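Working notes, structure below.
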Amino acid sequence: MAGWGRSAPPGHVRDTETMSTERTTRPRMIDVAAAADVSVQSVSNFANGRWARLSVATRGRIEEAIAQLNYQVNNSARGLRSARTQTLGFLVLDDSHRFVADPLTALYLAGIADTARERGYSVLVHTTAHTKDHAELLRPISEGRVDAACVLLTGSPAVRRRVAQMLNQTDTEFVLFDELAVAKVAGRAFVVRSDQAAGATAIVDHLVAQGHRRIAFIAAKERWAVIEQRFDAYKRALRRHGIDIDPELTLFEAGWEPTGADAMVRKLLALNTPPSAIVCGSDLLAIGAMRTLREVGIAVPDQMAVCGFDDFDVSKFVNPQLTTVTVPAWEMGASAAGLLIDTLEGTRSSITEVCLSTKLQVRESA
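Going by the working numbering, the first residue of the sequence shown is number 44, and it counts up by one from there.
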């Protein structure tokens, strides 16, 4: 018996060699992908029953390749992967300590949670900062704690693209909020967004119609897809009206809390030619801007028009009431959760992008 630790009987050696040969010649998923001229992810989707994202032609080629190569799906591994947790993830990448408490983020979450609860799912909230490894954001996915994920990203476009690519390499279905451009690098992502460009354009058109030509734009320093879209639309609208973009009138400083507007407003007022209107990247900044203007004795809207963005409930209860743009954040969260649950339960349509309308709410501040 002692010799068995180093050399087995001849018959045993032959069996081992046969098994080794079988392992090296057994077709792999990558072989099926090559034979079918599709991606490995497509073969994985087929093997795991995720057929909604595969065309009939693609499924046919994969079936033919599987039959030709005699490829065997690992049913035990498939069973482990398909074990359901009945949990959706809400994954947030941001450096702000209170980002999840931001009203817009909270409304996304409320829409997700309400829809999940109605359909028998729980929600796991997981946040991480840019200072950590971005793979940390995906930990609930890698640990198998969620069936699918709604994802909200901040940071530079390059960072958001990198995280989207990481998500795309998993087998988990996911929704990106407002990431129209970034989603293109994650070919299988769902996108739920609102028409930020239409909202920002409506604000500028409204202000120009009132005679304003020097229109400022202020926002927090943290990069976010919705702010990029609002700012780009603001610039396009100004150019359409024949108004040059003045860099002195565009400020991205401080945080999203109302106090973050104070220094930016004072900087605008110190200019040789101050603006006559301020477009704020959120309602909270707009409320902070109106407080600063009141402190320095400038009347809103008679001496300075102020517009917000998001239409939080509080915007109707400030004085003057805030002119702003309604963003259907709760509906976006509900749509995201609905898309994912439909996909998990095999009832999803071919929709991969949902775009909800925004609406200008003209009140008293502009």
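Yeah, the Cβ is synthetic: ideal placement off N, Cα and C, and Gly gets one too.
Small disclaimer: the values here were computed from a predicted structure and weren't measured.
| Asked | Found |
| --- | --- |
| Classify residue 301 as buried or exposed, calling it buried when 16 or more other Cβ atoms lie within 10 Å of its own Cβ. | buried |
| Taking residue 319 as the reference, which of 73, 246, 258 has the closest Cα? | 258 |
| Would you decide whether residue 120 is buried or exposed? Buried here means 16 or more other CB atoms lie within 10 Å of its CB. | Low confidence applies to residue 120: its pLDDT is 48, below 50, so where it sits in the model is not reliable enough to give any reading. |
| Consult DSSP for residue 305 and reduce its assignment to one of helix, strand or coil. | helix |
| Considering only residues of the same chain and omitting the five flanking positions on each side of residue 195, which have a CB-CB separation below 6 Å? | 135, 220 |
| Out of 244, 268, 238, which has the shortest C-alpha to C-alpha gap to residue 284? | 244 |
| Hey, quick one: how far does the beta strand (DSSP E) through residue 111 stretch, first residue to last? | From DSSP, residue 111 is part of no beta strand (DSSP E) but of the alpha helix (DSSP H) over 99-112. |
| Tell me which residue opens and which closes the beta strand (DSSP E) that residue 132 is part of. | 130-136 |
| From which residue to which residue does the alpha helix (DSSP H) around residue 239 run? | 239-252 |
| Kindly confirm or deny that the region 333-340 and the region 195-211 touch, where touching means at least three C-beta pairs closer than 8 Å. | no |
| Once the 5 residues before and after residue 129 are set aside, which same chain residues still bring their CB inside 6 Å of it? | 164 |
| Beta-carbon within less than 6 Å of residue 201's beta-carbon, same chain only, minus the 5 sequence neighbours each way: which residues are those? | none |
| I'd like to check one pair, residue 323 with residue 351: are the Cβ atoms closer than 8 Å? | yes |
| For residue 110, which option in 97, 190, 76, 354 has the closest C-alpha, if you only look at C-alpha atoms? | 76 |
| Under 8 Å Cβ to Cβ from residue 177, same chain only, skipping five residues before and after it: list those, please. | 136, 171, 202, 205, 206, 209 |
| Determine the extent of the alpha helix (DSSP H) in which residue 278 is found, giving its start and end residues. | 268-283 |
| Name the residue from 378, 368, 393 whose alpha carbon lies nearest to the alpha carbon of residue 409. | 368 |
| Would you mind working out which of 273, 370, 267, 81 sits nearest residue 356, comparing C-alpha positions? | 370 |
| Which residues mark the beginning and the end of the beta strand (DSSP E) in which residue 260 is found? | 258-262 |
| Give every residue of the same chain whose Cβ lies closer than 7 Å to the Cβ of residue 108, excluding the five residues on either side of it in the sequence, and list them in chain order. | 75, 78, 79 |
| Please say whether residue 132 and residue 218 have beta carbons closer to each other than 8 Å? | no |
| Residues in the same chain with beta-carbon distance under 6 Å from residue 289, minus the five sequence neighbours each way, listed in chain order, please. | none |
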